[in-house]
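Those protein sequences? They're chains A and B, same order as listed.
Taking this note's numbering, the leading residue of the first sequence gets 75, the next gets one more, and so forth.
Taking this note's numbering, the leading residue of the second sequence gets 3, the next gets one more, and so forth.
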Amino acid sequence: MKYKILYFAFSLLFILPGSYFLIRFGLNPSVDFTGGSLIEFQVNASLAELRPVIEAQTPVASLQQSADSFVLKTKEITQEENQALQAKISSQFGEVKEKRFATIGPTLGKELIKKTLVGILLAAGFILSYVAYRFHDKKYGICAILAMLHDSLIMLGVFSFLGVYFKVEVDALFVTALLTILSFSVHDTIVVYDRIRESQKLFPKLSYYDLVNKAVTETLGRSLNNSLTIIFMLLALYLLGGDTTKWFVFALLIGTVSGTYSSTFTAAPLLVLWEDLKQHQHHTSKV
Amino acid sequence: MKQFRWRLWFILALTAAAIAVNLIPKYTLKTGLDLQGGTHLLLQADMDNIDPADRNTALESVKQVISRRVDLYGVSEPIIQTSQFQNTYRLIVELPGVKDVNQAISLIGQTAQLDFREDQTATAGATTLVFQPTGLTGKDLKKAAVSFGQSGNTTGQPVVSLEFTQEGSQKFAEITQRNVNKPVAIFLDNQLITNPIVNEPILSGQAVISGNFTTDSASQLAIQLNAGALPVPIKIIEQKNISATLGSDSVRKSVIAGSIGLGLVALFMILLYGVNGFLADIALVIYGLITLAIYKLIPVTLTLPGIAGFILTIGMAVDSNILIFERLKEEVRAGRPFSIALELAFGRAWDSIKDANVATIITSLVLINPLNFNWLNTSGLVRGFAITLFIGVIISLFTGIIVTRTLMRLFLSHSHTSKV
């Protein structure tokens, strides 16, 4: 815990630029949220072959195949862009016959975001109360939620950055990735806190600082091991899995690493900081 | 020890049941549009009677009514979006894995405009009755439901029971008072479905529509009445099967990658914790089997977010085991005999496992929104994720603790007897 300033600084290294990107550029919403264009066409090619050719021209929200045609949903494009795309496809695969070109509305409304946000806030509130109750001190609850916030900010910041420089879009999958990581982060943090609580019972004479130090060191091994299992799964999915889920898995990967880091290097130091501030307040008020 | 025996048999029985459910072809895993694809319907709205300025709103409300219908029908996570081109106003409805597509189509396609009319035949004794609208329509309905006829010639037959709103009940009372011993006609989309004679004024605000319903057609009408009538007539102009939105090629690769990932996790556990790791792996396999079986039984429609939830719960199940094993290492290092260390490890780890999992349970419950609060999520996507997460956590608590514990005790007793 000696280096807690360092740990906070390291976190800020990611959070500050991330937040800047978030505030300045926001996130890049996908067709799910904004609506776009739909093109239905026939061409002599396979789904796997078509996808990269189309992706070179325009981001693909979804490419589906039916008995006799392909249905492409993409960002809103003009008729010229549509023709250009078809020219590109036909240069590789032969004649393209367009069956339909239309504007499509969004599939997920803004209410999804709003309601999910309400849900998260509510859940965070419950978790805060539960943790505060189980650990007999509200600082545990609050710091756990702060760690959770830390992880969400990092995820959002990274994806805002990716959205600006790599045109990565945020879709419904990203929302689920965010929710998954929140659960994981809290889970991990609670395990560390539990160790602290137990050490408190066993060594009541130890200073809080040393207590947290001891607990964190003891749980470090376990925390890493557990995260490694999840990271193995996700790495396999990222490297070997299909293209369409790559960013989803990437979001989960970032969240998992961040969640593990935050349990040990953010949630715990925050507790020590809290205690320090309380002691400081206590002393100054005494004077 | 007897308790231990009982537990072992229970686990074996449960595993066998899970395997059975997984093998029976009747129970298939329902997957969403993103993984499996489904039926793609293209509907065209007839906007002739609508002012051009209002057409977008009309299309939006068609979308909402159809969303409600599909939701009430029980199809989870459809994709419904508006589609416009110049003067055509269309709706795309994609339904994952619908068993009876034709029923879904007739559910969606019908306008479902309900209205009540009374007999205004001028001449007494005329053979054809002339009906006039009364102003009581489907909008005055509070709820519609399927039930079975209680009396007369409709006993045992499917009927649709209606419950009116307060205003509707008032109107209905007046209508029935005016028409005692005369027929009151019920029209659906301008077609007469039934015209029962009113025996006495009905003040309770409840009515029954009977007449040649099958259970299916009755529930279809009930759904349509509950979801609301379509503001404009629509026509289904195209229907076809469509492949997965995530790309079937992509999905296949991901399934392989996922299995490799799981294999790595299993290997890792064995490397770290030796035999105990292997036992944890067995518990993990049992966990997978039971969870899959439950997904099939309920059934849960699995989408990619749902799978993410499932992966997360695997991570947490493994975590519970790791917590126990690390604790075990410590206790053994502290010099305690193995069997006592085992019990202590389980006891101490249980506290943190419980707290951590409760947090996840809270999150998933809030996201599932079981009481259907309007200010919380009612959409399929997040809910589907939360449901898989919730089920996974509960089962992982069971397998992570009870199954691993029983397996380890089993191993312990065996190693003891072999030592003797």
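No residue lacks a Cβ here, since even glycine has one placed at the ideal position from N, Cα and C.
Give a yes or no on whether 8 Å exceeds the smallest Cβ distance from D353 (chain B) to chain A. Against chain A, the CB of D353 (chain B) has a partner CB under 8 Å away; the residue lies at that interface.
Please list the residues of the region 130–163 of chain A that have a C-beta atom closer than 7 Å to any C-beta atom in chain B, keeping them in chain order. Residues passing the 7 Å Cβ filter: S136, L137, Q138, Q139, S140, A141 and V145.
List the residues of chain B whose Cβ lies closer than 9 Å to the Cβ of M229 (chain A), in chain order. Chain B residues near M229 (chain A): none, gap ~14 Å exceeds 9 Å.
Reference N243 (chain B); option with closest CA among B:T41, B:L16 and B:I258: It is B:T41.
Please classify S398 (chain B) as buried or exposed, where buried requires at least 16 neighbouring CB atoms within 10 angstroms. That one is buried.
With DSSP as the reference, label A135 (chain A) as helix, strand or coil. DSSP places A135 (chain A) in strand when its eight states are reduced to three.
Quick one, which residues of the region 24–48 of chain B are near chain A if we go by CB-CB under 8 Å, in chain order? Residues passing the 8 Å Cβ filter: G39 and H42.
Through-space distance from D284 (chain A) to V265 (chain A), alpha-carbon basis: Going from the Cα of V265 (chain A) to the Cα of D284 (chain A) covers about 18 Å.
Rounded C-beta distance between I326 (chain B) and T406 (chain B)? I'm assuming under 8 Å. Contact flag correct, Cβ pair sits at about 7 Å.
Check whether chain A comes within 8 Å of E328 (chain B), counting only Cβ atoms and requiring the distance to be less than that. Yes, its Cβ sits closer than 8 Å to a Cβ of chain A.
Just to confirm my understanding: we take S136 (chain A), look at its own chain, exclude 5 residues before and 5 after, and list those with CB closer than 6 Å. What are they? Excluding residues within five positions, the ones whose Cβ falls inside 6 Å are K147.
Could you check what DSSP says for F174 (chain B) in three-state terms: helix, strand or coil? Of the three classes helix, strand and coil, the one that applies to F174 (chain B) here is helix, per DSSP.
From I94 (chain B) to A147 (chain B), what distance separates their C-alpha atoms? Going by the C-alpha atoms only, they are around 28 Å apart.
If we define contact as Cβ-Cβ less than 8 Å, is F167 (chain A) a contact residue for chain B? Among the residues facing chain B, F167 (chain A) is not included, as its CB has no counterpart in that chain under 8 Å away.
Should D268 (chain A) be labelled buried (16 or more other beta-carbon atoms within 10 Å of its own) or exposed? Residue environment analysis places D268 (chain A) among the buried positions, since at least 16 neighbouring C-beta atoms fall within 10 angstroms of its C-beta.
List the residues of chain B whose Cβ lies closer than 7 Å to the Cβ of D268 (chain A), in chain order. Residues of chain B with a Cβ closer than 7 Å to the Cβ of D268 (chain A) are, in chain order, D353, S354 and D357.
Based on DSSP bridge pairs, tell me the residues matched to I178 (chain A). Beta-bridge pairing links I178 (chain A) to A:G110 and B:S85.
For R71 (chain B), I'd like the list of residues in its chain whose CB is within less than 8 Å of its CB, leaving aside the five on either flank, ordered along the chain. Cβ within range, chain order: L109, I110, I225, Q226 and A229.
From which residue to which residue does the alpha helix (DSSP H) around R338 (chain B) run? Counting along the chain, R338 (chain B) falls outside any alpha helix (DSSP H), and DSSP gives it neither H nor E.
Cβ contact check for the region 319–335 of chain A and the region 279–288 of chain B: 3 or more pairs under 8 Å: With a cut-off of 8 Å, the region 279–288 of chain B and the region 319–335 of chain A do not count as touching, because too few Cβ pairs lie within range.
So with CB distances below 7 Å, who are the chain B contacts of H210 (chain A)? Going along chain B, no residue has its Cβ under 7 Å from H210 (chain A), so there is no contact; the nearest lies around 13 Å.
Work out the CA separation of F340 (chain B) and L74 (chain B) for me, nearest whole Å. Approximately 56 Å, taken between the alpha carbons.
Within chain B, the residues that N299 (chain A) reaches when beta carbons sit closer than 7 Å: Within chain B, the residues near N299 (chain A) are L274 and I324.
Taking only beta carbons into account, state which residues of the region 217–248 of chain B come closer than 8 Å to chain A, listed in chain order. The region 217–248 of chain B vs chain A, Cβ under 8 Å: K242, N243, I244, S245, A246, T247 and L248.
Once DSSP output is grouped into helix, strand and coil, what is the label at N243 (chain B)? Strand.
Across the region 220–237 of chain A and the region 85–98 of chain A, are there enough close Cβ pairs to call them in contact, namely three or more that are closer than 8 Å? Yes, the region 220–237 of chain A is in contact with the region 85–98 of chain A.
What's the gap between the Cα of P372 (chain B) and the Cα of S140 (chain A)? Approximately 36 Å, taken between the alpha carbons.
Roughly how many angstroms lie between the CA atoms of A341 (chain A) and A319 (chain B), to the nearest whole one? Rounded to whole angstroms, the separation of the alpha carbons of A319 (chain B) and A341 (chain A) is 22 Å.
Using a C-beta to C-beta distance shorter than 8 Å, which residues of chain B count as neighbours of I201 (chain A)? A361, I364 and T365, listed in chain order.
Is the closest heavy atom of the ligand ADP to the C-beta of L45 (chain B) under 7 Å? Of ligands this structure carries none, so the ligand ADP is not represented either.
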